Amino acid sequence: MLEHLIDIPGRGPGTTHRLRVVGFGDPSARPHVHVQGGLHADEGPGMMAALCLIDALKTAETEGRIAGHVTVVPAANPFGLGQFLQGDQSGRFDLYDGRNFNRDYPDLVPVAAMLLDGALGDDAARNVSLVRAALRQALDARVAHGPTDTLRHHLMRLALGADLVLDLHCDGEAEVHLYTQPASLPALHPYIALAACRAVLLADNSGGNPFDEAVSRPWAEIAAAFPSHPLPPSCASCTVELRGRSDVCRDLGATDAQAITDYLTCLGVLRGPRPDLPEPACTPTPLAGSEALTAPVAGLLSYRVAVGRTVTKGEIVAEITDLQDGTVTPVRAGTSGVFYARPATRIAETGKRLGKIAGAVPFRDGLLLSP
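What the sequence shown shows, in numbering that gives the first Met the number 0, is residues 0 to 370, in sequence order.
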């Protein structure tokens, strides 16, 4: 095991934030899988899974089973870990400027494409190496504006060399679900089955340049820019939502880590018998077909269906009870699909997001992710 710490100067004088990175196996070995938890620092399940994964990889290392390379960042957002408002942690948005910690990652393609112009050839493996080097060079040429952009820089640099990236998050209350790009889907099929994902949401560009897309989408865009040169997609990535915020315990963390270690065995990162894959628990659907239910009125929020249930269009999913006269307003599904996530709170303001349904028919465009 190799462990190193990255110190990032804080915004205030005399402050420093520390990022812990743990590596297993030969850093030059392939496949290279990068796993991080807690980019939204108030989401504990991914951090617990990452810590349990480190324990499992220590055992695999002792047994001589590591054939590839794994990097793990168990707590990817030290800035958010230190943010509190009136006793509650606030780790999704930077309280300094309101930006989502999982948005606004840099688009490296324009600079990387300039560096690659005239350099690519007919050797696909050489082209892959050239693209990885160009992406790192494009990132290093950027000037980070402030501490949290410096954090984005370090997180991207850790992941740019990986063949596969798992960014671990959670929702308010949810079943395990996953966001990814269509080009990454084939590489992720074993993990989707092993993690028992109840929804898989697909989009080439979900908007806002989240971390997972920022490290994988350049491969498709660079390949399209140089169509006469072979360039296989060499970084698959996804955002994994590990249930809800209260689902933090070592048993669940160990279960999630086991799904990842089984996946690493499927990929050849770990030596050992390939695990039997269960049948997938869902069929991938377009993110543009995911309906975000919203509250038409304010009041007390209650649900008629549990997360994980398949609902039909027109079915009552939730009810809002008026605090003044007790009037009950039903909230109906506008599409059919799996009701895969909802908030943890039960008082609704007008416009509050009440849950998400994974519909099969696209009907949205523009920014597809929650704020």
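From the three backbone atoms N, C-alpha and C, an ideal C-beta is built for every residue, glycine too.
Just so we're clear, the structure is a prediction, and the values are computed from it rather than from any experiment.
| Query | Result |
| --- | --- |
| Continuous beta strand (DSSP E) stretch holding Leu-153: start and end | The sequence given here places His at residue 153; Leu does not occur at that position. Segment 146-158 is the alpha helix (DSSP H) holding His-153; no beta strand (DSSP E) there. |
| Where the beta strand (DSSP E) containing Leu-368 begins and where it ends | It is not in any beta strand (DSSP E) - Leu-368 carries neither H nor E in the DSSP assignment. |
| Spatial neighbours of Arg-151 in its chain, beta-carbon cut-off 6 Å, leaving aside the 5 residues before and after | Tyr-104 |
| Local conformation of Lys-312 per DSSP, three classes | coil |
| With 16 other Cβ atoms within 10 Å as the buried cut-off, status of Gly-24 | buried |
| Helix, strand or coil at Val-239 [DSSP, three-state] | strand |
| Gln-371, DSSP secondary structure in three states | Missing from the structure shown is residue 371; the chain here goes from 0 to 370 and no further. |
| Endpoints, the alpha helix (DSSP H) within which Phe-92 is located | First-last for Phe-92: undefined, no H or E at that position. |
| Secondary structure of Val-20, DSSP reduced to three states | strand |
| Test item: CB-CB of Ala-75 and Leu-241 under 8 Å | no |
| Segment contact, 8 Å Cβ cut-off, at least three pairs: the region 264-282 with the region 188-202 | yes |
| Bridge-paired residues (DSSP) for Thr-15 | Pro-8 |
| Nonlocal neighbours in the same chain, by C-beta distance under 6 Å from Leu-80, ignoring five residues either side | Ala-40 |
| Any non-hydrogen atom of the ligand ADP closer than 7 Å to Val-327 Cβ | Annotation note on the ligand ADP: not contained in the displayed structure, which lists no ligands. |
| His-33 and Ala-158 closer than 8 Å at C-beta | yes |
| Test item: CB-CB of Val-239 and Val-164 under 8 Å | no |
| Cβ-Cβ distance between Lys-312 and Gly-333 below 8 Å | yes |
| Residue range of the alpha helix (DSSP H) that includes His-188 | 184-193 |
| Phe-376 burial status per 10 Å Cβ neighbour count (16 or more: buried) | With the chain covering only 0 through 370, there is no way to say anything about residue 376. |
| Whole-number beta carbon distance between Ala-340 and Ala-173, since they are thought to touch under 8 Å | 4 Å |
| Sufficient close CB pairs (3 or more, under 8 Å) joining the region 47-63 to the region 4-13 | no |
| Length of the line joining the Cα atoms of Leu-263 and Asp-255 | 13 Å |
| Exposure of Leu-322, with buried meaning 16 or more beta-carbon neighbours within 10 Å | exposed |
| Opposing strand residues paired with Asp-166 [DSSP bridges] | Gln-35, Thr-238 |
| Asn-126 (DSSP reduced to helix, strand or coil) | helix |
| DSSP beta-bridge partners of Val-247 | Val-247 pairs with nothing; no bridge assigned. |
| Contact belief for Val-72 with Gln-35 at Cβ below 8 Å, rounded distance in angstroms | 4 Å |
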